[in-house]
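Asks:
Number of protein chains: 2
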Amino acid sequence: MTGQGTTPKTDPPAPPLAPGTRRPGGRTARTRAAVRDAVLTGLVEHGYPDLTVEYVAEHSGVHKTTLYRRWGNLEGLVVDALDLAGEDSWSPPDTGSLEGDLRALARTTAASFEDPAAAAAPTAFIAAAFQSERAAEALNAFYAERFARCGAIVERAVSRHELDRRTDAGALVRAVVSPLFLRLFITREPVDGVLADQSADAALAAARAGVFNSRAAST
Amino acid sequence: MTGQGTTPKTDPPAPPLAPGTRRPGGRTARTRAAVRDAVLTGLVEHGYPDLTVEYVAEHSGVHKTTLYRRWGNLEGLVVDALDLAGEDSWSPPDTGSLEGDLRALARTTAASFEDPAAAAAPTAFIAAAFQSERAAEALNAFYAERFARCGAIVERAVSRHELDRRTDAGALVRAVVSPLFLRLFITREPVDGVLADQSADAALAAARAGVFNSRAAST
Chain A
1 MTGQGTTPKT DPPAPPLAPG TRRPGGRTAR TRAAVRDAVL TGLVEHGYPD LTVEYVAEHS
61 GVHKTTLYRR WGNLEGLVVD ALDLAGEDSW SPPDTGSLEG DLRALARTTA ASFEDPAAAA
121 APTAFIAAAF QSERAAEALN AFYAERFARC GAIVERAVSR HELDRRTDAG ALVRAVVSPL
181 FLRLFITREP VDGVLADQSA DAALAAARAG VFNSRAAST
Chain B
1 MTGQGTTPKT DPPAPPLAPG TRRPGGRTAR TRAAVRDAVL TGLVEHGYPD LTVEYVAEHS
61 GVHKTTLYRR WGNLEGLVVD ALDLAGEDSW SPPDTGSLEG DLRALARTTA ASFEDPAAAA
121 APTAFIAAAF QSERAAEALN AFYAERFARC GAIVERAVSR HELDRRTDAG ALVRAVVSPL
181 FLRLFITREP VDGVLADQSA DAALAAARAG VFNSRAAST
């Protein structure tokens, strides 16, 4: 597997883009995805501090020297895998009502952690952030961007006159999912669809009461 | 330090209590506290998987063979330290109003993690739970008991006619603190007193709207 970097095939000439720009679907992107997959598998199998660059090399087919040159070290590999995870086309639920959107958001979150296979990688990232400052920063950026996308739920609700336009969207969507994350990763209690609905309904009641109106919020 | 177990002093005769019962202030309790302190220091310094029984022996002055005999292994030491942490006399705030109690609970939680020295041990336990199933169970028990104590807030509010008696106290108090835990340990965002008040107010608004009334709750 590790000899794969010797293929003689050359890439087509690259357009003059800014440094670091990737050609989607090109060899660079494929390499990065293979490395990302190996990092995810390794994180799930061994956890952050015990995952090694050697493991990633073996499981991605990318030579160790290439990994060190491009990603620096294990921390760089984990951070890039998390960055790549954020580059998807996910968009928040759009059910036609604020209550429906918030419940769907909460249910999707609960369901994604109820399936052990689907939960393994995000759980490994959350655990890695306890060990690595750079992983913590990458996780922070991932969620900031993810919650920013959820702002669309609030914009639509405001335009439907379901919500005060001063509502702090970030505070509201964080309130929706936080009772789930508390139980999953702090108190280690089960979550289900009933709890998801309750979390969404609680955040909605607070939003309607004006608790998340921006003058009162700091996020 | 490790030769300390050889002191010839004998303990006074123990009353016929159930197995495992400790005499408060006795040598057993002092040993356990010394071991707990060493486990906390070690968890903060090295993190769960890298902390060793040797470290605990050196820093507690309790011989390694005693540690293995009484606690089994590193996991047993961590679990017992967490059990001991739960055996304090903490009681939830009692300010005279539900809003005051919930805000004080949220502010206390935020403040306890704002101080790096105070935050280190609980953070290390939360991190250890990602690595050890037994630590996760102990953390679950710790928080279950802690939130059960917070039930007094709800009982007083019900007796003051501030809250429906069907309110699920566990769901309400978890809602109060969960936006703080989300930011501290998942999204890695700062928390402060303003956010604490907002979290308390949001949970209170939801409780007043009946979202936590027990027919709708599963916790």
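Chains as they are written, first to last, in the UniProt record's numbering: chain A, 1 to 219; chain B, 1 to 219.
Ideal Cβ positions, reconstructed from N, Cα and C, are used throughout, including at glycine.
Output the residue ranges of the alpha helix (DSSP H) runs that lie fully inside the segment 150-198 of chain A and measure 4 residues or longer, sorted by chain position.
Replies: 169-181
Asks: Using CA atoms only, rank isn't needed, just tell me which of A:A111, A:R165, A:R183, A:R103 is closest to G210 (chain A).
Replies: As a position in the first sequence, residue 210 (chain A) is number 210, starting the count at 1. Answer by Cα proximity: A:R165.
Asks: For A119 (chain B), report the span of its alpha helix (DSSP H) as first-last.
Replies: Stepping through the second sequence from its first residue, residue 119 (chain B) is reached at position 119. Run containing A119 (chain B): 116-128, per the alpha helix (DSSP H) assignment.
Asks: Is L82 (chain B) close to chain A? Criterion is C-beta to C-beta, closer than 7 angstroms.
Replies: Against the second sequence, residue 82 (chain B) aligns to sequence position 82. Not one chain A Cβ lies under 7 angstroms of L82 (chain B).
Asks: Leaving out five residues before and five after G42 (chain A) in sequence, what residues of the same chain have Cβ atoms less than 7 angstroms from its Cβ?
Replies: The residue given as residue 42 (chain A) occupies position 42 in the first sequence. Closer than 7 angstroms at the Cβ level, and outside the excluded window around G42 (chain A), lie L51, Y55, V56, H59.
Asks: With a threshold of 8 angstroms on Cβ separation, who are the neighbours of N213 (chain A) within its own chain once the five nearest residues in sequence on each side are excluded?
Replies: Counting from one through the first sequence, the residue named residue 213 (chain A) turns up at place 213. Excluding residues within five positions, the ones whose Cβ falls inside 8 angstroms are D164, R166, T167, D168.
Asks: If you follow the alpha helix (DSSP H) that G86 (chain B) is part of, which residue opens it and which one closes it?
Replies: If you number the second sequence from 1, residue 86 (chain B) lands on position 86. Run containing G86 (chain B): 74-86, per the alpha helix (DSSP H) assignment.
Asks: CA-CA distance, D37 (chain A) and R160 (chain B)?
Replies: Taking the first residue of the first sequence as position 1, residue 37 (chain A) is located at position 37. Taking the first residue of the second sequence as position 1, residue 160 (chain B) is located at position 160. Distance between the alpha carbons of D37 (chain A) and R160 (chain B) is about 56 angstroms.
Asks: Is A206 (chain A) helix, strand or coil when you go by DSSP?
Replies: Taking the first sequence and counting its residues from 1, one reaches residue 206 (chain A) at position 206. Of the three classes helix, strand and coil, the one that applies to A206 (chain A) here is helix, per DSSP.
Asks: I'd like the span of the alpha helix (DSSP H) that includes D37 (chain B), first residue to last.
Replies: Start at 1 with the first residue of the second sequence, and residue 37 (chain B) comes out as number 37. It spans 27-46 - the alpha helix (DSSP H) in which D37 (chain B) sits, taken as one unbroken run.
Asks: Give me the Cα-Cα distance between L180 (chain B) and L204 (chain B), rounded to the nearest whole angstrom.
Replies: Position 180 of the second sequence, counted from the start, is the residue given in the question as residue 180 (chain B). Position 204 of the second sequence, counted from the start, is the residue given in the question as residue 204 (chain B). Using only the alpha carbons, I get a separation of about 15 angstroms.
Asks: If you measure between the beta carbons of V176 (chain A) and A200 (chain A), is that distance less than 7 angstroms?
Replies: Counted from its first residue, the first sequence places residue 176 (chain A) at position 176. Counted from its first residue, the first sequence places residue 200 (chain A) at position 200. Cβ distance < 7 angstroms, so V176 (chain A) and A200 (chain A) count as in contact.
Asks: Could you tell me whether the segment 145-160 of chain A touches the segment 134-149 of chain B, using the rule of 3 or more Cβ pairs below 8 angstroms?
Replies: no
Asks: Is it true that the CB of L195 (chain A) sits closer than 7 angstroms to the CB of F113 (chain A)?
Replies: Here the question's residue 113 (chain A) lines up with position 113 in the first sequence. Here the question's residue 195 (chain A) lines up with position 195 in the first sequence. Not a contact, by the Cβ cut-off of 7 angstroms.
Asks: What residue from A:A119, A:L40, A:A104, A:G96 has the CA that sits closest to L84 (chain A)'s CA?
Replies: Within the first sequence, residue 84 (chain A) is the residue found at index 84, counting from 1. Of A:A119, A:L40, A:A104, A:G96, the smallest CA-CA separation from L84 (chain A) is found for A:L40.
Asks: For T66 (chain B), report the span of its alpha helix (DSSP H) as first-last.
Replies: By one-based count along the second sequence, residue 66 (chain B) stands at place 66. Start and end: 64-71.
Asks: Does the separation of the CB atoms of A104 (chain B) and V44 (chain B) fall below 7 angstroms?
Replies: Numbered from 1 along the second sequence, position 104 holds the residue referred to as residue 104 (chain B). Numbered from 1 along the second sequence, position 44 holds the residue referred to as residue 44 (chain B). The answer is no: Cβ separation not under 7 angstroms.
Asks: Taking a cut of 8 angstroms between CB atoms, which residues from the segment 124-136 of chain B lie near chain A?
Replies: I126, A127, A129, F130, Q131, A136
Asks: Counting contacts by CB-CB distance shorter than 7 angstroms, is Y143 (chain B) in contact with chain A?
Replies: For this step, residue 143 (chain B) is matched to residue 143 along the second sequence. Yes, its Cβ sits closer than 7 angstroms to a Cβ of chain A.
Asks: Can you look up V211 (chain B) in the DSSP assignment and give me helix, strand or coil?
Replies: In the second sequence, residue 211 (chain B) corresponds to position 211, counting from 1. Coil at V211 (chain B), not helix or strand.
Asks: Give, in chain order, every residue of the UniProt domain "HTH tetR-type" (29-89) of chain B whose Cβ lies closer than 8 angstroms to some Cβ of chain A.
Replies: Flagged, chain order: G47, P49, D50.
Asks: Between the beta-carbon of V191 (chain B) and the beta-carbon of R134 (chain B), is there less than 7 angstroms?
Replies: To locate residue 191 (chain B), count along the second sequence from 1; it is residue 191. To locate residue 134 (chain B), count along the second sequence from 1; it is residue 134. Result no, Cβ atoms of V191 (chain B) and R134 (chain B) do not sit closer than 7 angstroms.
Asks: Going by C-alpha distance, which of A:T66, A:N73, A:Y48 is nearest T31 (chain A)?
Replies: Taking the first residue of the first sequence as position 1, residue 31 (chain A) is located at position 31. The shortest Cα separation from T31 (chain A) among A:T66, A:N73, A:Y48 belongs to A:T66.
Asks: Using a Cβ cut-off of 7 angstroms (strictly closer), state whether M191 (chain B) contacts chain A.
Replies: In the second sequence, counting from the first residue as 1, residue 191 (chain B) sits at position 191. Residue 191 (chain B) is actually Val in this sequence, not Met. No, no contact with chain A.
Asks: Report buried or exposed for D197 (chain B), applying the criterion of at least 16 other Cβ atoms within 10 angstroms of its Cβ.
Replies: Here residue 197 (chain B) refers to the residue found at position 197 when the second sequence is read from its first residue. Residue environment analysis places D197 (chain B) among the buried positions, since at least 16 neighbouring C-beta atoms fall within 10 angstroms of its C-beta.
Asks: F130 (chain B) and A128 (chain A) - do their beta-carbons sit closer together than 7 angstroms?
Replies: In the first sequence, residue 128 (chain A) corresponds to position 128, counting from 1. In the second sequence, residue 130 (chain B) corresponds to position 130, counting from 1. Not a contact, by the Cβ cut-off of 7 angstroms.
Asks: Under a CB-based cut-off of 7 angstroms, is R188 (chain B) close to chain A?
Replies: The residue you call residue 188 (chain B) lines up with position 188 of the second sequence. Closer than 7 angstroms: yes.
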